[in-house]
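Q:
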Amino acid sequence: MKKNRLLAKWLNNDLSADELAAFEASPDFEKYQKIKQYTDHLEVADLDENAMLSNILKQKKATPKVVPLYKKWVFQAAAILVLALGITFAMQYFVHETQTADFGKRTNFSLPDNSEVVLNSGSEISYKKWNWDNNRTLELKGEAYFRVAKGKRFEVHTNLGKVTVLGTQFNVKARKNRFDVICYEGRVKVNYANTQILLTHGQGVSFENGKQVKVEVHTSKPEWIDNQISFYKENIRTILDEVERQYNIKIELNTKDTISLFTGKLPAKDLNVALQIISTTYHLEAKKVSDNKIIFDEK
């Protein structure tokens, strides 16, 4: 410790004459002398305290991360893509899916559980894909034939009534004030106003203006699937409406007799034969005034 004090005093030229003589006589003096000679030639810049503080603060401060412009564009595009996919998913699964069949056409499609539907001319079906297996419910406007896959309850809602099944084949038609249901396989439950009816294979029922009529079934599927339009105790205006849908034409009726009921079939692919059958049955004369307009006059 004493030796260190002497070295410090020697470097600062604070030794007395006796102390200096004793220090110079020590065995390490020559080494200290060389060190002092080298350090005397070193130049140390003046200490700038403000600059030093500024540098320290810069080093402690987190360096901001610079994102190139092209990377920002990629991030934005990815965000837009994710949003678009989300909207698409919502549209597919939460918004109603709609299937239509225009006049003169039919539409075949499958539901999410692989149930098959044939939609007749001038008809529409809407349903939700989301949670379909647990909520097999759809809305029908017009006529459709169903081959329902087995599963939970399957419901067809119309403005006139409701049909409920588990797994079966059946036909539903809701046109104006007439509601027809025919069961071709299994069992179906029909709700109309305050009436509930259970139909089994080969049974059918019709409701019109609150009146119930049992329908005889002699086929394994709807006749319209095989291009035959079938009617059971229906008036001429209902018949002509269906012909308009099947052939995508307009029909004008000039007769007072709209009460007589017709039971029979008309072809769905031969307009001339269909017009001849109607003319003969109701004693009318059919005139084709254009490619898509027919006028029926009394004879």
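Sequential numbering of the sequence shown, starting at 671, is according to the numbering used here.
Each residue gets a CB set at the ideal place from its N, CA and C atoms; glycine is no exception.
#1: From residue 862 to residue 830, what distance separates their C-alpha atoms?
#2: I'd like to check one pair, residue 794 with residue 811: are the Cβ atoms closer than 7 angstroms?
#3: Give, in chain order, every unbroken run of the beta strand (DSSP E) that is at least 3 residues long and sits entirely within the stretch 816-854.
#4: Is the stretch 876-883 touching the stretch 774-788 in the sense that three or more CB pairs, one from each, lie closer than 8 angstroms?
#5: Does the beta-carbon of residue 838 have 16 or more other beta-carbons within 10 angstroms, so that it is buried, or is it exposed?
#6: Name the two residues that bound the continuous beta strand (DSSP E) containing residue 923.
#7: Leaving out five residues before and five after residue 679 in sequence, what residues of the same chain have Cβ atoms less than 6 angstroms from its Cβ?
#8: Whole angstroms are fine: how far does the CA of residue 955 sit from the CA of residue 818?
#9: Rounded to a whole number of angstroms, what is the C-alpha to C-alpha distance between residue 953 and residue 969?
#10: I'd like the list of long-range same chain contacts for residue 771, defined as Cβ closer than 8 angstroms, with 5 residues on each side in sequence excluded.
#11: Which whole-angstrom value describes the C-beta separation of residue 928 and residue 907, a residue pair presumed to lie in contact below a C-beta threshold of 8 angstroms?
#12: Residue 791 by DSSP, collapsed to three states: which one?
#13: Grab the span of the alpha helix (DSSP H) containing residue 941 for me, first residue to last.
#14: For residue 868, which residues does DSSP report across the bridge?
#15: Alpha helix (DSSP H) containing residue 912: first to last residue?
#16: Is residue 690 helix, strand or coil by DSSP?
#17: Using DSSP bridges, identify the partner residues of residue 895.
#18: So is residue 850 buried or exposed if we call it buried at 16+ other beta carbons inside 10 Å?
#19: Quick check on this structure: which residue in 690, 866 and 895 has the alpha carbon closest to the alpha carbon of residue 977?
#20: Taking the alpha-carbon positions, what's the residue 766 to residue 904 distance?
#21: Around the Cβ of residue 833, are there at least 16 other Cβ atoms within 10 angstroms (buried) or fewer (exposed)?
#22: Per DSSP, what are the beta-bridge partners of residue 769 in this structure?
A: With the structure as the only source:
#1: Translated into positions along the sequence shown, residue 862 becomes position 192. Translated into positions along the sequence shown, residue 830 becomes position 160. Rounded to whole angstroms, residue 862 to residue 830 spans 7 angstroms at the Cα level.
#2: In the sequence shown, the residue the question calls residue 811 occupies position 141. In the sequence shown, the residue the question calls residue 794 occupies position 124. It is a contact, given that the beta carbons lie within the stated cut-off.
#3: 824-827, 831-835 and 839-845
#4: no
#5: Here residue 838 corresponds to residue number 168 of the sequence shown, with the count starting at 1. Buried, by the Cβ-count rule.
#6: Taking the sequence shown and counting its residues from 1, the one referred to as residue 923 is at position 253. It spans 920-924 - the beta strand (DSSP E) in which residue 923 sits, taken as one unbroken run.
#7: Taking the sequence shown and counting its residues from 1, one reaches residue 679 at position 9. Answer for residue 679: 685, listed in chain order.
#8: Taking the sequence shown and counting its residues from 1, one reaches residue 818 at position 148. Taking the sequence shown and counting its residues from 1, one reaches residue 955 at position 285. Near 43 angstroms, if we compare the C-alpha coordinates of residue 955 and residue 818.
#9: Here residue 953 refers to the residue found at position 283 when the sequence shown is read from its first residue. Here residue 969 refers to the residue found at position 299 when the sequence shown is read from its first residue. Cα to Cα, the separation comes out at about 6 angstroms.
#10: As a working note, residue 771 is residue 101 in the sequence shown. Excluding residues within five positions, the ones whose Cβ falls inside 8 angstroms are 777, 789, 790, 791, 792, 793, 794 and 812.
#11: Here residue 928 is taken as the residue at index 258 of the sequence shown, counted from 1. Here residue 907 is taken as the residue at index 237 of the sequence shown, counted from 1. That belief holds up - the Cβ atoms of residue 928 and residue 907 are roughly 5 angstroms apart, short of 8 angstroms.
#12: Stepping through the sequence shown from its first residue, residue 791 is reached at position 121. In the three-state reduction of the DSSP assignment, residue 791 falls in the coil class, being assigned neither a helical nor a strand state.
#13: Taking the first residue of the sequence shown as position 1, residue 941 is located at position 271. Element bounds for residue 941: 941-952.
#14: Taking the first residue of the sequence shown as 1, we reach residue 868 at position 198. Partner(s): 859.
#15: Numbered from its first residue, the sequence shown carries residue 912 at position 242. Boundaries of the alpha helix (DSSP H) harbouring residue 912: 906-917, taken from the DSSP string.
#16: Within the sequence shown, residue 690 is the residue found at index 20, counting from 1. Looking at residue 690 - three-state DSSP - the assignment turns out to be helix.
#17: As a working mapping, residue 895 is identified with position 225 in the sequence shown. DSSP output for residue 895 lists no bridge partner at all.
#18: By one-based count along the sequence shown, residue 850 stands at place 180. Per the 10 Å Cβ criterion, buried.
#19: In the structure as shown, the chain begins at 671 and stops at 969. Residue 977 is therefore absent and cannot be evaluated.
#20: Within the sequence shown, residue 766 is the residue found at index 96, counting from 1. Within the sequence shown, residue 904 is the residue found at index 234, counting from 1. Taking the straight line from one Cα to the other gives about 33 angstroms.
#21: If you number the sequence shown from 1, residue 833 lands on position 163. A buried status is given to residue 833, since no fewer than 16 other beta-carbon atoms sit within 10 Å of its beta-carbon.
#22: Your numbering for residue 769 matches position 99 in the sequence shown. Paired residue(s): 795.
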